[in-house]
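Enquirer:
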Amino acid sequence: GAYALFPLALAAALNAEPRKTAQASARLALAGGGAILINPQLLGILADQIGLARAFGVVPLYVLLAMGATIAARWADGATAAASAR
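Heads up, the sequence shown is in our numbering, so the first residue is 19 and it goes up one at a time.
This is the structure:
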């Protein structure tokens, strides 16, 4: 299951920019720690308001949001790289 996601994400982050591995590792650790700290509380608050089943139904929206942010960041990075290559 999900236990393999952090090592895979870390490998992808470190390979994305080989000269900034420390920065990539730190950002990934901070994002993971923040998610572990905040998401259970947010889901609990939401479950109190709308019910447990519906609250867990929000999780796929989190995934879509993360995917959208990743795509936007990669697109912006590609646009920046293309502009600096000129």
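Heads up, the beta-carbon is just placed ideally off N, CA and C, and yes, glycines get one too.
For Asn57, tell me which candidate among Lys38, Gln41, Val81 has the shortest Cα-Cα distance.
Expert: Among Lys38, Gln41, Val81, the Cα nearest to that of Asn57 belongs to Val81.
Enquirer: Taking the alpha helix (DSSP H) that Arg37 falls in, what are its first and last residues?
Expert: Note, Arg37: premise wrong, no alpha helix (DSSP H); not H, not E.
Enquirer: With C-beta atoms as the reference, is Leu64 less than 8 Å away from Ala71?
Expert: No; because the gap between Cβ atoms is not below 8 Å, this pair is not in contact.
Enquirer: Would a C-beta distance cut-off of 8 Å place Leu23 and Ser43 closer than the cut-off?
Expert: Not a contact, by the Cβ cut-off of 8 Å.
Enquirer: Looking at the C-beta of Ile54, does it have a partner C-beta in chain B at a distance below 8 Å?
Expert: In the structure shown, chain B cannot be found, because there is only a single protein chain.
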